[in-house]
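Order-wise, the sequence lines are chains F, H and B. The numbers in the first sequence follow my numbering, run straight up by one, and end at 703. The numbers in the second sequence follow my numbering, run straight up by one, and end at 441. The numbers in the third sequence follow my numbering, run straight up by one, and end at 1419. Data first, discussion second: the structure below is written as C-alpha cells.
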Amino acid sequence: MLDRPSPLSATASAPSADAISLFDGRIIRRAALDSFAKLNPRTLARNPVIFVTEVVAALTTVIGIEALVEGANWHFPLAIALWLWLTVLFATFAEAVAEGRGRARAESLRKARSETQAKVLIRGDDRSLYRPMASSLLQAGELVLVEAGDLIPSDGEVIEGVASVNESAVTGESAPVIREAGGDRSAVTGGTLVVSDWLVLRITAAPGSTFLDRMIALVEGASRRKTPNEIALDILLAGLTIIFLIAVVTLVGLAHYSGTDLSVPVLAALLVTLIPTTIGGLLSAIGIAGMDRLVRFNIVATSGRAVEAAGDVDTLLLDKTGTITYGNRACSALYPLPGVAERALAEAAALSSLGDDTPEGRSILSFVRDRFGISVERPAGATVVPFSANTRVSGLDADGRSWRKGAVDSVVKTSGGNAPTALTTAVDRIARAGSTPLAVSIDGQLLGAIELKDIVKPDIRARFDMLRRMGIRTVMVTGDNRITAAAIATEAGVDDFIAEAKPQDKLDYIRRVQAEGRLVAMCGDGTNDAPALAQADVGVAMQTGTQAAREAGNMVDLDSDPTKLIEVVEIGKQLLITRGSLTTFSIANDVSKYFAILPAIFVATYPELGALNIMRLTTPQSAILSAVIFNALIIVALVPLALRGVRFKPVGASALLRRNLLVYGVGGLMAPFVGIKLIDVILNLLGLT
Amino acid sequence: MPLSAIGFSPAMLDLILGGAVALSLFVYLVWALVRPEDF
Amino acid sequence: MTLNGWLQISLILALIFAAAVPLGRYIGRVAEGSVGWLRPVERGFYALAGIDPNEQMTWRGYAVALILINALHFALLYVMLRFQDVLPLNPDGIAGMSPRLAFNTAMSFVTNTNWQAYAGEQAASYGSQMWGLTVHNFLSAATGIAAAIAIARAFATGGGKTLGNFWVDLTRITLYVLLPLTIVVTIALILCGVPETLAGHVDAITLEGAKQAIARGPVAFQEAIKLLGTNGGGFFNANSAHPFENPSPLTDVIETWSEIVIPFALAITFGSIVRDKKQGFALFWVMAIVVVACVIFVYTAEAGGNPLLTAAGVDPSMGNMEGKELRFGVPLSSLYAVTTTATSNGSVIAMHDSFMPIGGGIPIFLIQLGEIVPGGVGSGLYGILVFAILAVFVAGLMVGRTPEYLGKKIQAKEVKLAMLAVLILPLSILGGTAIAINTGSGTGSLANAGPHGLSEMLYAFSSATGNNGSAFAGLSADTPLLDYGLGISMLLGRFAFMIPVLAIAGSLVGKPKLAMSAGTFPTDGPLFIGLLIGVIIILGGLQYMPSLALGPLAEHFTLAAGKTY
C-alpha cells in the first residue's frame, strides 16, 4: 500500500519516492464504500453545489418512481435521476479517495503512537522514585523519566540530562540526535526512542494533542477546517448556484408563456449541468491532497490556512549558513607578505592548523595538500595551543618554535603590534570579497594571511532566479558584518540581506516588510527565533528545534532542511492554482450545456431553435442525457488532476495565467462540446435513446 | 382527497413539488452565501 | 451596410473616446478636491445645510447619507407629481398623476432609470419637469458618480477607514462636472434649434386645416442632463426621436456623445484615483470593445433589412427603416441603440421594438449584463468593478496566490457582497418577467404575441432593473402590475446593488495595500481585458441565454424561416 516503509524501520526519507499510487486498489475500494456514507445530507450540506445536486437527484427519483407507478414514461426521468445520483457519488468519491490517501499516510504514523508506560517521577529531584502510568493519561506539566530503550511517552521539554534520541518515527531520519536540557535542543517528541543515557522531561502536551496526534489528524483530514480561500470559493459557488436556480425556475414561466410546459426531470438536468458541480465536487479533495503533498515532503502544517498562506508569500527570509552556503568556511587562498615564499606560508598555515579540528582548520590542511602537495607531519613532542575566545589564536608549539594562526588583530598584537601595509591590503581585499581573513605567524613573525571563504551552494543562484520570476524576493540573514554579507549576497544572487543579524533584527525586518504590504516566510529553530517565526506569515520550524520554535511556527519541517521553504511555497501555490483552474474549467463548461439543452427542450415550440443545436445531437432526450452524463463523468476524469495538482511552473504570474487560461478556460469551453457529442454518439450506438 | 382530484394534472403536481423544493434550496443557498464563517 | 455608415459610426466613437480621457482625468481631480473654482459657492452650500465638509465618512455613514437623501427626494417627487395640477408652472393645466404612476415615476427618476410609463408632454407639467424630474436627473447621476468614487478610493490606499464625504462629493460632482457640461451641451443644442421656453403649447393650423396643439417647453436643458446623466427621460413621449429634442444629425452626434462620454471617462477617473492610469485604461478597453462589438452586431442586423419585406418586394438597400427617423437612418440609429443601452441612458432615437430580432436583442443583452459596459454614470464603474473583483477572484487563484485586485486581497467578504449584488439582477429581471408574462394583466400589456411579446416584457424588466428606462414601445406600461412591479425592479437594481458595493468599499478600504510583484496577477494588460470580457459575458450574461432564446433568438430563427406571430 505504501511505497515507503514504515518510518519505524528507520529508512531515510526521500520525498519523491514517497508518493502513493493514484490508483491504489485498497484506497479506491475503501473510498468507493465511503462515498456512499458521505451521501448523508447533513454532512453534504457543507458543500452547497453537491447538496443541491443531491436534493435535485432525490426529487427526480421521486418523480421517476411516480411515473413508473402511474405507467407513464419512466425511462427518461429515472435515467436522469441515476446520473444525478452518480454525479453526487463521484463527488463524494473524490473526497473519499483524497482522505484515503491521507489515512494511509497516517497509519504509518499511528504505529509510532503505540501505548507505552511512562515513568512519572513522584518527586522532581529524585530519579529513583517513580510510578508507572499509561502514556495516554499523561497531563501537561508532569515530570517523566525516560531511559535508554524507552519510547518517549509524549511531547516534552528536557529539564535534566543529555541523551541521544532516535527520531526516525517522525522524521524518517535514522541517525540519532542529541537532546539536552537548556539551549535549542531541549524539545522531544512523543513516540521517539531514547537510544542512550537518560532524560527527565516535563510533559508539554495535553493528552490526545501531541505533535503526532495532530499530525495524524491533519493528514487524515479529520481536523480539516475550510481555509479562507476555500470559504470564499464556496461562497462564489453558492452564489452561482443561486443564479442558475433563478434562471431555471423562471424558465418554467417563460416557457409556459411560449407554449412549452417543462417537466421536472428536464429542469433538474438543466440546473445540475449549469451549476458548478465539477469544482464543487472536487474542492475538498483538492484541499486534502494539498496537505498530503506537504506531508510527503516531510513537512507538517498546523492548518490548511498555513499552506494557503505559503502560496501568497512574496518574501523569503533565509539563513545564510546551511541554506545559502555550506555550513562551514573553507580555505581558498593564501596571501604571503613580501619576501615570504608562498610555500613557506602554506607550510606554516598547515602546521598551525594541525591541532585545529574544526572544519575550517581541516580545510586549510586539505587546501595546502591539494594546492602545494604539502602534507605536514606532527613534530614529535609538539603541544597544541587551543583556540580560546580570549586570545582568538590557536597553533602549535614544538622544538622551541611556535606556529600561530588566528584573528588578524590578535596575531598582529602577538607579533609586535604593527601590521605591515601589505597585510592590511590583503586583509581588506579578503574582507571585501566576503571572506574571513586569518593571519599566520612563526615565532611572532608575520608571514601572511589566509582567506577563509564561505562556499555558496552551486545550484542556489538558479533557484533564486526562479523565485524572482515567481515574484518572490529572497533575503539572506547572517551574523556576518555588512561587507562580508554584501559579497555573499551578490554571489548567491539574493535580493536583500540582513547583516550582523540578531533575533530582534529579523523580527524588525519582518514587521517592516509586512508594513509595506508583503507576506513573509522564514524558517528557524532556536527559542530566540520564536517571536520572528510567530510574526512571519509562514514560519517553518525545524524538527530539531526547540519546543518554543515549534509552537511559534505554523509548519514543522521534519527533515530540518531550511531550503525546503522554497518547496513549501510551491506547494501552496499549486494548491491555489488547482482550485482556480478547476473553477474556471467548471464555469467555462456552461456554455456548451446551453447549446445542448436549450434547443432540445424548446424544439416542440420553436423547431427553428434547432439551429442552436450546433453539436447536432440526435434527439432531445439524448441531448439532455448526454449533457448530464458528461457533467458527471468529468468529475471522475478530473480526480487524478485534483489529487496530483495542476502542474506548477516557476514563471511569472502573466505567463502562468496565460497558460492556465488557455488550458482550463478555453479548454473548458471546448471540451464539453466534444465530450457531449461523443456520449450522444455512444448512447445512440447502444440504442439507449 | 388527492390533489389530482381537484383539478391538478400529475405534471402540475410535479411542478408544484419542484417549486417547493426549489424555494427551500433557494433559502438554503442564500444562507450558504451569507453565513458568517466556516460551517 | 455602407462605408458611409461605418464612417459615421467610427467618427462619433472616435469623438467619444478622445474626449473621455481628459474628462476622466478632470473628474479625478474633482474627486480629489483639487478643482475649486467655485469654492465660495460650495462653502455656501455646506454652510446652508450645516455640513462639515471635512468630516470623513465610513462606508456606513456614506451609505446612510446616500440613502437618506434619495429616500427624501423620492417622497418629495412623489408628492410633487401627485399634486402637479395645483403646483405652479403648469400652463397647459396637466392633471396630477395617479398614485401608482407617481410611485413608478418617482422611483424611476430617483434611481436614474427614467422609465416613463406616461407621455411626457401630456402627463408632466413644466414645473414637474423642471423642479421634479430635471433636479433628479442631476441628483441621481451625482449619486451614482459619488458611489463610484467612494469604491475607487477604497482601492487607492491601504488601512484606511473612511471613503470621503458624500455631501462634498455630491456637491462637487454637480458643481464642477454635471452643471458645466450640461450648460455647454444646452447652449450647443439651443444653437442647433432645440427649444427652451416657458411658454405653453403652440396652436397651429395644419395643411388640412385642422387645429393642432404643438407641445414645446424648456426642452434643451433637460435634454442635456437627460443624456449626460444617463437618465434618458425625454421631455416628449417620442424621446430623442422627437424633432424638438433631437432635430438634426448634428444634434444627434452631440446627444450620442453626451450620453456615453461620462461613463467612459469614469474608467479613466478610476485610474487617476487609484494612481495607476493603466488600470483605468484596462476597464476603458473592456467597455470599448464590448460597445464596438455590439454596434457591429446591431448595424449588421439592421442594415440587412427584413427578409420578409425584401421577399415582398421592398428595396432592402436602406436596411430596416421601420421605427427609424429618416434624418438619422440606420447607422446612427444602430449606434444610438447601443450607446443608450450600453449606458443606462435609455433615451431613444428609434423604436427598439421595431428593430430586427438581433438588433433589438443586443440592447436587451447589454442591459442584462448589468449596465456596466460602460453603464450608467458611476453605476457603470462600480458595476464593472464588481465583475472585476469576481474575475480577479476566479482567475487570480490560477496564478497561485490569494487573489488581489490593485493590491487589495479579495476574500470571502468581498466575494459574498459581490455575489449578493450580482444576484439581484437575474432575480429581478427573470423573476419579474416570468411572473408578469403569465398574468392576464401582463399579457394584456403586450402589443405582440409570440416571442416578440416575451421580448417586450423581458425588455421592460431588464430596463427597469438595469435602471435604463428604454422600452419596446409596444408595451402598455401604465398598469398596476407594471407600475409597481417595475418600480420595485428599479429600486432593487439601483440600491440593492449599490449598498453591497459600498460595503465592499468599506471592507477593502481597511485592508493593507499589498505591494505588486512578478507573482501578482496583472490587471492592466490585454490578458485581463480579455478575461474580464469573458467573465462579464459568462457570469453576467449566460443566465439570460434561455430567456433570450425564447425571445429574440426564437424570433430571429422563426423569422428566417418565414414565420411571424
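Even for Gly, the Cβ is constructed at its ideal location relative to N, Cα and C. Here the structure is a predicted model, which is why all the values come from computation and not from measurement.
Rounded distance between the beta-carbons of residue j and residue i, thought under 8 angstroms
i: residue 410 of chain F; j: residue 346 of chain F; result: Not quite, the Cβ-Cβ distance comes to about 22 angstroms (not below 8 angstroms), so this is no contact.
i: residue 1375 of chain B; j: residue 159 of chain F; result: About 56 angstroms separates the two Cβ atoms, so there is no contact after all.
i: residue 1253 of chain B; j: residue 873 of chain B; result: In fact, because the Cβ distance is near 36 angstroms, the residues do not count as touching under 8 angstroms.
i: residue 449 of chain F; j: residue 466 of chain F; result: 6 angstroms
i: residue 1106 of chain B; j: residue 1212 of chain B; result: Between residue 1212 of chain B and residue 1106 of chain B the Cβ distance is about 23 angstroms, and since that is not below 8 angstroms, they are no contact.
i: residue 242 of chain F; j: residue 1266 of chain B; result: 6 angstroms
Within-8 angstroms CB hit, residue i to chain F
i: residue 429 of chain H; result: no
i: residue 1420 of chain B; result: Limits of chain B in this structure are 855 at one end and 1419 at the other, which puts residue 1420 of chain B out of reach.
i: residue 1375 of chain B; result: yes
i: residue 1280 of chain B; result: yes
i: residue 1367 of chain B; result: yes
i: residue 412 of chain H; result: yes
i: residue 1133 of chain B; result: no
i: residue 1238 of chain B; result: no
i: residue 1224 of chain B; result: no
i: residue 1425 of chain B; result: Any answer about residue 1425 of chain B is impossible in this case: the structure gives chain B only from 855 up to 1419.
i: residue 938 of chain B; result: no
Beta carbon proximity, residue i to chain H, threshold 8 angstroms
i: residue 686 of chain F; result: no
i: residue 1393 of chain B; result: no
i: residue 252 of chain F; result: yes
i: residue 1273 of chain B; result: yes
i: residue 1270 of chain B; result: yes
Any chain B beta carbon closer than 8 angstroms to residue i
i: residue 458 of chain F; result: no
i: residue 637 of chain F; result: no
i: residue 423 of chain H; result: no
i: residue 417 of chain H; result: no
i: residue 231 of chain F; result: no
i: residue 60 of chain F; result: no
i: residue 625 of chain F; result: yes
Chain-order list of residues whose beta-carbon lies under 7 angstroms from that of residue i (same chain, five-residue window excluded)
i: residue 1223 of chain B; result: 1390, 1394, 1395
i: residue 638 of chain F; result: 280, 283, 611, 614
i: residue 1355 of chain B; result: 1001, 1005, 1236, 1240, 1275
i: residue 29 of chain F; result: Low per-residue confidence applies at residue 29 of chain F: pLDDT is 37, beneath 50, and the placement is therefore not dependable, though the value from the model is reported in the following sentence. Answer for residue 29 of chain F: 310, 311, 312, listed in chain order.
i: residue 602 of chain F; result: 679, 682, 683
i: residue 171 of chain F; result: 200, 201, 215, 216, 218, 561
i: residue 854 of chain B; result: Because chain B in this structure spans residues 855 to 1419, residue 854 of chain B falls outside the shown range and cannot be described.
Beta-carbon contacts of residue i that lie in its chain and below 8 angstroms, excluding the five residues immediately before and after
i: residue 508 of chain F; result: 332, 338, 478, 488, 489, 490
i: residue 420 of chain F; result: 401, 405, 406, 407, 408, 409, 452, 453
Cβ neighbours of residue i in the same chain (closer than 6 angstroms, five flanking residues each side left out)
i: residue 1310 of chain B; result: 1300, 1326, 1328, 1329
i: residue 100 of chain F; result: 646
i: residue 389 of chain F; result: 383
Residue i beta carbon near the ligand ZN (any heavy atom closer than 7 angstroms)
i: residue 597 of chain F; result: No copy of the ligand ZN occurs in the structure displayed, which carries no ligand at all.
Give a yes or no on contact between the stretch 469-481 of chain F and the stretch 331-345 of chain F, applying the rule of three or more CB pairs nearer than 8 angstroms. Segments in contact, yes.
Evaluate contact between the stretch 1173-1192 of chain B and the stretch 1271-1287 of chain B, counting only Cβ atoms and requiring at least three cross-stretch pairs below 8 angstroms. They do not touch, by the three-pair rule.
Would you say the stretch 954-969 of chain B touches the stretch 921-930 of chain B, given that touching needs at least three Cβ pairs under 8 angstroms? With contact defined as three or more Cβ pairs closer than 8 angstroms, the stretch 954-969 of chain B and the stretch 921-930 of chain B are in contact.
Using a beta-carbon distance cut-off of less than 7 angstroms, what residues from the stretch 323-336 of chain F approach chain B? For the stretch 323-336 of chain F, which is checked against every Cβ of chain B, the residues closer than 7 angstroms are 325, 326, 328.
Select from the stretch 255-276 of chain F all residues with a C-beta closer than 9 angstroms to any C-beta belonging to chain H, and list them in chain order. The stretch 255-276 of chain F vs chain H, Cβ under 9 angstroms: 255, 256, 259, 260, 262, 263, 266, 275, 276.
Mind checking the stretch 664-678 of chain F against chain B and listing, in chain order, the residues whose C-beta falls within less than 8 angstroms of any C-beta there? Only 666, 667, 668, 670, 671, 672, 674, 675, 678 from the stretch 664-678 of chain F bring a Cβ to less than 8 angstroms from some Cβ of chain B.
Using 8 angstroms as the threshold, is the stretch 544-555 of chain F in touch with the stretch 565-576 of chain F, meaning 3 or more CB pairs across them? As far as the Cβ criterion goes, the stretch 544-555 of chain F touches the stretch 565-576 of chain F, which means the pair count is three or higher.
For the 8 angstroms Cβ check, are there 3 or more pairs between the stretch 634-654 of chain F and the stretch 683-699 of chain F? By the C-beta criterion, the stretch 634-654 of chain F is judged to be in contact with the stretch 683-699 of chain F, since at least 3 inter-stretch pairs fall below 8 angstroms.
Would you say the stretch 926-939 of chain B touches the stretch 1033-1041 of chain B, given that touching needs at least three Cβ pairs under 8 angstroms? With the rule of 3 Cβ pairs closer than 8 angstroms, the stretch 926-939 of chain B does not count as touching the stretch 1033-1041 of chain B.
The stretch 519-536 of chain F: which residues have C-beta closer than 9 angstroms to a C-beta of chain B, in chain order? Hits within the stretch, in order: 527, 528, 529, 530, 531, 532, 533.
Interface positions of the stretch 277-288 of chain F facing chain H (Cβ-Cβ less than 7 angstroms), listed along the chain: If the cut-off is 7 angstroms between Cβ atoms, the stretch 277-288 of chain F has 277, 278, 281 near chain H.
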